[in-house]
Amino acid sequence: MKKKHSIARFILISVLCAIFAVLTIFSFSLPGSSKDYDFVGFARAINLGIEYRGGTVATYSVQLNSTNNQNIQEGIASNATRIKYLLDNEGYDTNVYQNGEDIVVEYFDEYFNEESAFDLAEIVNDIINEKPYFAIKTEQGDDKDEIVKPTDVESVIATTSGSQNVLFITFTKEGAENFQKVIDKGTGYFYIGSSNFSMSLSKDSVTKEYIGIVVSSLETAKNYASQIKSAKYDMTLKLYDNITSFEKMGTRIYTSQEANRNVVMLICLTVGIFLAIVISLVCIYKTMGLVGGLIMLIGILLQIILLQAIPTSVLTFTVVSSFASMLAMALGGLSLFVMFRSMSAEYQKGKIISASVKFGYNKVWKFLLDMFILLAIPTIIAFIFGTFVVKQFAIAFICGLAVYGLVTLLFGKYFTKWLTYIKFKNTDYGFKREANVDELK
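Residue 364 in my numbering sits at position 364 of the sequence shown; the count goes up by one each step and never skips.
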């Protein structure tokens, strides 16, 4: 009975893997839909980086125009956020991030010649260098006096309070005195970027030290916050000295041909590593190696599903992300080798097949769990404190460690146990021992 149940379980799991493999690779339309497709394959839904999608990468150096505020890191971060909102509002599909003291802008599209990318780079450059603006006035009008200026702001935070989206602005000591002048007038006119609005200010409900402004959405609050911070830190983003070549511009183009080639290379490397692990397992551990291959397949499918579920604001699947994912896959394969080797060692001591599998797993699972945890801890720290590139490596590696730690320890335990109900000969496991070793019952 156990043999039949185990065979049924393996068949069911194999069918489920086949179904998820189809859902991972293919996109298709659902019945009754007028769209080209409704379901996007899991692998296609991953937020791929510029190397795999095609487009242009521009690196901007940041120059401080004022010595009043030297917090360049916060200024760069706020400018990167502001630029992202500006380009999104213009309809560009972009990725903007801070890299040290530079800001990198990736705008996705397919370019087949340098001239078309060159023209777009100039347009985007003009949008990016649009001067951020913030002021609070007592009278409406562009020509009216600015009572509260960016330098009067101590901090600004976009957050939620209950069901409301709020922009909190805290003023400096001098800024609080200036804001008091606005409160005394009863109405404040707020100018943030290209937006402006008025707000009634009552002396009984508003303090001069800070103000909370309720806005329509959290994204709007974040956009306003980035505008105010960017205005506070007076910076210029410089792309090039002379418009003569892309080398001087610090710009890199990925054509559609290059992007497709990189995708093919990524697929080939992933499949190659998977096949190398499975073939090695099968050659050494025979039928149990096939079980290991099934575990690795489940790991790859779960890894892809998890990567596509991560928000685009957190993960951009770059070349370093792909390296991290492959490294995690290799660690998963290594874990299976260690587990199977421990089972083989128990058989060499004289235990029967079922006992060898059971005691071999029990001796090694804590070591494997410690390995995955010890690798995950510094990776999590790197994700928290690292640069954009480090974060993309870290998040992909963390996902890989979580997935392969799960499939190795959980499925490795039960799949090998089920196999002992089906296969009873040591040759099915690749186990060997000396002929004079007495078998332990």
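All C-beta atoms in this analysis are idealised placements derived from N, C-alpha and C, irrespective of residue type, glycine included.
Item	Value
According to the neighbour-count rule (16 or more other Cβ atoms, all chains shown, within 10 Å of its Cβ), is arginine 82 buried or exposed?	buried
Check whether the Cβ atoms of glycine 41 and threonine 316 sit closer than 8 Å, and answer yes or no.	no
Could you have a look at glutamate 174 and say whether DSSP puts it in helix, strand or coil?	helix
Where does lysine 3 fall in DSSP's three states?	helix
Label leucine 410 either buried or exposed according to how many other C-beta atoms from any shown protein chain fall within 10 Å of its C-beta, with 16 as the threshold for buried.	exposed
Mapping DSSP to helix, strand and coil, what is threonine 187?	strand
Rounding to the nearest angstrom, what Cα-Cα distance links phenylalanine 112 and isoleucine 183 in this structure?	Legend: pLDDT at phenylalanine 112 = 49, less than 50; position of this residue unreliable, value from coordinates given subsequently. Roughly 57 Å separates the two Cα atoms.
To the nearest whole angstrom, what separates the beta carbons of phenylalanine 171 and tyrosine 210, a pair I think is in contact under 8 Å?	6 Å
For aspartate 152, does the three-state DSSP call read helix, strand or coil?	helix
Secondary structure at serine 447, three-state DSSP: helix, strand or coil?	No information on residue 447 is available, as it lies outside the stretch 1 to 441 that the chain covers here.
Excluding the 5 residues flanking isoleucine 103 on each side, which residues of the same chain have their C-beta closer than 8 Å to its C-beta?	Thr59, Tyr60, Val62, Ile76, Asn79, Ala80, Ile83, Val96, Tyr97 and Leu237
Label alanine 328 either buried or exposed according to how many other C-beta atoms from any shown protein chain fall within 10 Å of its C-beta, with 16 as the threshold for buried.	buried
Tell me methionine 326's beta-bridge partners as DSSP assigns them.	DSSP lists no partner for methionine 326.
At what residues does the beta strand (DSSP E) containing glutamate 106 begin and finish?	102 to 108
Could you check whether isoleucine 128 and valine 156 sit closer than 8 Å to each other, using their CB atoms as the reference points?	no
Okay, do the region 362 to 373 and the region 253 to 264 touch, 3+ Cβ pairs below 8 Å being the bar?	no
Might you give, ordered along the chain, the residues of its own chain that have their beta carbon closer than 7 Å to the beta carbon of isoleucine 277, omitting 5 neighbours on each side?	Met296 and Gly333
Within the same chain, show all residues whose beta-carbon is closer than 6 Å to that of lysine 3, passing over the 5 residues directly before and after it, in chain order.	Tyr421 and Ile422
Looking only at its own chain, which residues have a Cβ that is under 7 Å from the Cβ of alanine 225, when we skip the five neighbours before and after it?	Val156, Ile157, Ala158 and Leu167
Going along the chain, which unbroken runs of the alpha helix (DSSP H) with 4 or more residues stay wholly within the region 26 to 98?	50 to 53 and 72 to 89
Thinking alanine 221 and asparagine 165 are a contact (beta carbons under 8 Å), I'd like their distance in whole angstroms, please.	5 Å
Are the Cβ atoms of serine 6 and tryptophan 365 separated by less than 8 Å?	no
Skipping 5 residues on each side, what residues in its chain have a beta carbon closer than 6 Å to that of methionine 339?	Val364 and Gly412
Using alpha carbons as the reference points, say which of Thr416, Val319, Gly55 and Ile213 lies closest to asparagine 362.	Thr416
For alanine 309, count neighbouring Cβ atoms within 10 angstroms of its own Cβ and tell me buried if that reaches 16, exposed if not.	exposed
Quick one: give me the first and last residue of the beta strand (DSSP E) that threonine 251 is part of.	251 to 254
Please identify the residue among Gly188, Phe10, Val206 and Ile353 whose C-alpha is closest to the C-alpha of methionine 199.	Gly188
Alpha carbon to alpha carbon, how far is asparagine 47 from lysine 391?	14 Å
By the three-class DSSP mapping on this structure, what secondary structure does asparagine 196 have?	strand
With a threshold of 8 Å on Cβ separation, who are the neighbours of serine 342 within its own chain once the five nearest residues in sequence on each side are excluded?	Gly360, Tyr361, Lys363 and Val364
For alanine 324, does the count of other Cβ atoms within 10 angstroms reach 16, so buried, or fall short, so exposed?	buried
Identify which residue in Val214, Lys358 and Tyr429 has its Cα closest to the Cα of serine 163.	Val214
Taking a contact to mean a Cβ-Cβ separation below 8 Å, would you say glutamate 74 touches lysine 185 in this structure?	no
Identify every residue that forms a DSSP beta bridge with methionine 235.	Leu64
Taking only the alpha-carbon atoms, compute the straight-line gap between serine 14 and aspartate 88 and give it to the nearest angstrom.	43 Å
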